[in-house]
Every structure is written in C-alpha cells, then in structure tokens.
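Student: Heads up: the sequence shown begins at 1411 in my numbering, then just goes up one per residue.
Below is the structure I would like to discuss, written out as structure tokens.
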Amino acid sequence: MIITNKLIIMARNLTKNLIIILMLFLALLVPILVHAETSNVVESSNVAEPSSAVEPSNIVLTLFDAATKEPLKDIFVDIGVDGSFNQYYIETDNDLALSLDKGSYNIKILAKKPESDYYEYYSDLFLIVTDSPKVKIVFLHPVGSLYGIVKDNLDNVVAETELNFECSSVISADYPETSNKFGSFLLDAVPEGTCDISAIHEDSIGTERVVITKGKRTNVIIKLDTSLINNSKLFTNPYFLALALLLTVVLIILI
C-alpha cells in the first residue's frame, strides 16, 4: 500500500514536470514561429515590382520667337502629338523635353504668356524619333485668334457656307472649309497680318478683310450680297405657290 501511494505521488510529480516542460517548450516555440511568419511577410513585401520610373527624355525642343529670334521662356506651351495635346510651362529656359517612342510624329505647338487669353505663337513640324537623343530648334510664328459669322444682307445667319481664307502663308493653319450649323467659325491660330475671308453660298458671295494681331481675338461678320433665307422662304410660301399655280392654269387656258 505504501509502495502504491509512492507510485501515485511519483506519477503526479512526473505529470507536473511534463506539463512544466511542455509549457516551457511552447513558450520558446511561439516566438520562433511568429518570427518566421514575420520574416515571410517581409520577404514577400520585398518582391520587386515593375519600375514606374519616368523614362529619360529623348527629344528636346528649343523654342524661339520667329520674328525676334529671341528664346521663348516664362510661357505656357500646348504640344499636340498626333492630335493628343498636353500642356507644359517653360519657366527659366527655352528647352522643352519630351519622351517619345521610336517612330514618326506630326507635332503642333501653341504657346502664350500666362497673362494672355489667346495663343500668341504657333508652329508645326514632322519629327522622326530614333534611339539617339535629339535636340531640335523650333521657331514659333506670331498668331492671333479669329472668330467669324456669316449673314445675308438682311442680317440673317447663314449656316454651312463655303469659306476661303487668303492669309499669310508662314504657317499651315487649319482653316475650316465651311461655317458650322450656326453660321460661325473659329480659329485658335491665324498668322499675324492681313487676312481676306470669303463666304460663298449658292449664288451669293461676301468678302471681308481683317488684320490679325498677336495674342488678340479678331471678330468679323461676313455679309452675303443677297438674302438667301428670304428668297428660300418666298418659294416655300403657300400663298406664293397658290398664285404661281393660278398663273400657270391661266396661261394654259389662254394658250
């Protein structure tokens, strides 16, 4: 009996010791597991991602005033590359850096001083981009803006009239072929100087001469030499049509 009690006591002590050892083991193991997990997270966060660094510029456009040959700076510049425009600000020098893929591009450049409401300079160029960096000198010509509207001689607006522009040829401006459905037209960049504008609609024509000033908007009204709208209304007037029909019947009877 005494031996049995001793065995029970020894078993209890052994169990307590095993529990203590297990707790110590867990106390040592948990920090190791946590550290390993943290290391995995750190390693996964260090995986290299695709580089988002801006590619170095491979084209530098050096801008000059074509009239004065002075460098252009402290100026806003709108660059159109194949029809897509972005705006830049040139502050202290006259260099504009661009990053373009290899290929050929049609580029339009419109520029103005911060205090100006309208464009003051314009140029367009065809540019071929290769692997080698390129510096290109660009002369921008002075331009102004032009807004016009076409009317007949009774002051009625005439839509979609054929237009013709005879202006300075120093730049290839995008002149519209016709007025819009409201009878008007707008150009952001017309070369400085005298410009003759003609409007033609059916058998009527009107011509006006304007002077384009750098950085200013010129407004013009082109008057056609007859009232197209009133004439068209006359021929669609029901009384006129009835009278014309009556006269036709009378003539047939007389004949």
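A virtual CB, placed ideally from N, CA and C, is assigned to each residue, including glycine.
According to DSSP, A1609 sits in a beta bridge with which residue or residues?
Tutor: Per DSSP, L1573, G1616.
Student: On a CA-only basis, which of S1514, F1595, K1626, L1573 is nearest A1609? Give me that one, please.
Tutor: A1609 has its Cα closest to that of L1573, out of S1514, F1595, K1626, L1573.
Student: Please classify L1506: does DSSP put it in a helix, a strand, or coil?
Tutor: DSSP places L1506 in strand when its eight states are reduced to three.
Student: Using C-beta distances below 6 angstroms, list every residue in its chain close to F1575, excluding the 5 sequence neighbours before and after it, in chain order.
Tutor: Once the five neighbours on either side are set aside, the close Cβ partners of F1575 are Y1585, I1607.
Student: Are V1539 and D1511 closer than 8 angstroms when you measure CB to CB?
Tutor: It is a contact, given that the beta carbons lie within the stated cut-off.
Student: Tell me whether D1598, by its Cβ, gets closer than 7 angstroms to a heavy atom of the ligand NAD.
Tutor: Because no ligand of any kind appears in the structure shown, any question about the ligand NAD cannot be addressed here.
Student: Would K1624 and P1524 be called neighbours here (beta carbons separated by less than 8 angstroms)?
Tutor: No, Cβ-Cβ distance for K1624 and P1524 is not below 8 angstroms.
Student: Quick check on DSSP: helix, strand or coil for I1662?
Tutor: Correct three-state label for I1662: helix.
Student: Would K1522 be called buried (16 or more neighbouring beta carbons within 10 Å of its own) or exposed?
Tutor: Looking at its Cβ environment, which holds 16 or more other Cβ atoms inside 10 Å, K1522 is buried.
Student: Taking the CB atoms as reference points, tell me whether Y1529 and S1555 lie closer together than 8 angstroms.
Tutor: Yes; because the gap between Cβ atoms is below 8 angstroms, this pair is in contact.
Student: Can the beta-carbon of I1631 be found less than 8 angstroms from the beta-carbon of C1605?
Tutor: Not in contact: I1631 and C1605 (Cβ atoms no closer than 8 angstroms).
Student: Please list, in chain order, all residues of the same chain as V1567 whose beta carbon is under 6 angstroms from its beta carbon, the five residues on each side excluded.
Tutor: Taken in chain order, the residues that qualify are K1561, G1593.
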